[in-house]
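Peer 1: Quick one: structure below, then a few questions.
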């Protein structure tokens, strides 16, 4: 196979926070239904510490994971934080029970949640605050306006949005500078391709949540499994490597409760797919 160009290892988030492009998503370290504490607290702390020990310097969480549990575990495991560690969080989804996520975008609520996140994470400024979902009952300018005020106060460094359409992303950009967009995107679900294309053109970080969704594609006779065997890799590594080579602005954040899975996922950063491999995977959409 012919080699393709090696993808860049880092990205300057917001133009000034340089991070390795393969990060860690901290949703799964909470209890079932992303509700309450983890069944294995020490295991959750171990995964977080292992991520940083393996060179991860971008961790993504949210106030609603637990709620608050994920942020508190990050502080317990990693505070005081290593130089260069960037922690992104989100606000805008409330929790009324396991698996239930009502959006609330009222400015006073978002301000309250950011203040709680500052306390839970043990920081004076949040590197990246993301509007977890747009609340259809609240004008987007009002919701993002709360973050803008917090940025002016020095409590927020950069602002991002999550699960938005291209039109909504452009609306957000008209309100304030947007450093990132976090949408569902993976080998089998590319409904946000137009958002990714815009983010690439604008130099906005694109954070694909649920980045590993091989499903049937990981079966022994699938193209993903074929490529994995040819490269001596796992299907999840192939899926992540494909994301990394899709665009230089993509920052995948695979999450796991297992140190072994974490180590496997991070191995994708060293995997380079050939142009032929990428074409075979592109054709799966």
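Numbering (UniProt numbering), first residue to last: 1 to 285. Cβ atoms here follow ideal geometry from the backbone N, Cα and C, with glycine treated the same way.
#1: What do you reckon, are the CB atoms on residue 69 and residue 127 nearer than 8 Å?
#2: By the DSSP assignment, the beta strand (DSSP E) with residue 183 in it spans what residues?
#3: In three-state DSSP terms, what is residue 33?
#4: Quick test of your reading: residue 169 and residue 132, contact by CB under 8 Å. State the CB separation rounded to the nearest angstrom.
#5: Ends of the alpha helix (DSSP H) at residue 208?
#6: Quick check: the Cα distance between residue 114 and residue 129, rounded to an integer number of angstroms?
#7: Excluding the five sequence neighbours on either side, which residues of its own chain have a C-beta within less than 8 Å of the C-beta of residue 41, listed in chain order?
#8: Under 8 Å by Cβ, that's how I've got residue 18 and residue 61 pegged, so tell me the actual separation to the nearest angstrom.
#9: Classify residue 71: buried if its beta carbon has 16 or more other beta carbons within 10 angstroms, exposed otherwise.
#10: Using the rule of at least 16 other Cβ atoms within 10 Å of the residue's Cβ for burial, across every protein chain shown, is residue 237 buried or exposed?
#11: Looking at the structure shown, is residue 109 part of a helix, part of a strand, or coil, going by DSSP?
#12: In or out: residue 256 buried (at least 16 other Cβ within 10 Å) or exposed?
#13: For residue 21, does the count of other Cβ atoms within 10 angstroms reach 16, so buried, or fall short, so exposed?
#14: Do you know whose CA, among 134, 253 and 245, lies nearest residue 279's CA?
#15: Which residue or residues does DSSP assign as beta-bridge partners of residue 86?
#16: Which residue from 95, 147, 181 and 276 puts its Cα closest to that of residue 251?
Peer 2: In terms of the structure at hand:
#1: Between residue 69 and residue 127, the CB-CB gap reaches or exceeds 8 Å.
#2: 180 to 184 is the extent of the beta strand (DSSP E) around residue 183.
#3: Helix.
#4: Distance from residue 169 to residue 132 at the Cβ level is roughly 15 Å; contact not present, criterion being Cβ atoms closer than 8 Å.
#5: According to the DSSP assignment, residue 208 belongs to no alpha helix (DSSP H) but to the beta strand (DSSP E) extending over 205 to 209.
#6: Each residue's Cα considered, the two are about 8 Å apart.
#7: So the qualifying residues of the chain are 73.
#8: The pair is not a contact, with the Cβ atoms about 20 Å apart (cut-off 8 Å).
#9: Buried is the call here.
#10: So residue 237 ends up on the buried side.
#11: Secondary structure of residue 109 (DSSP, three-state): helix.
#12: By the C-beta density criterion, residue 256 is buried, having at least 16 other C-beta atoms within 10 angstroms.
#13: Buried, because 16 or more other Cβ atoms sit within 10 Å of the Cβ of residue 21.
#14: Among 134, 253 and 245, the Cα nearest to that of residue 279 is on 245.
#15: DSSP output for residue 86 lists 58 as bridge partner(s).
#16: Proximity to residue 251 across 95, 147, 181 and 276 peaks at 181, based on C-alpha coordinates.
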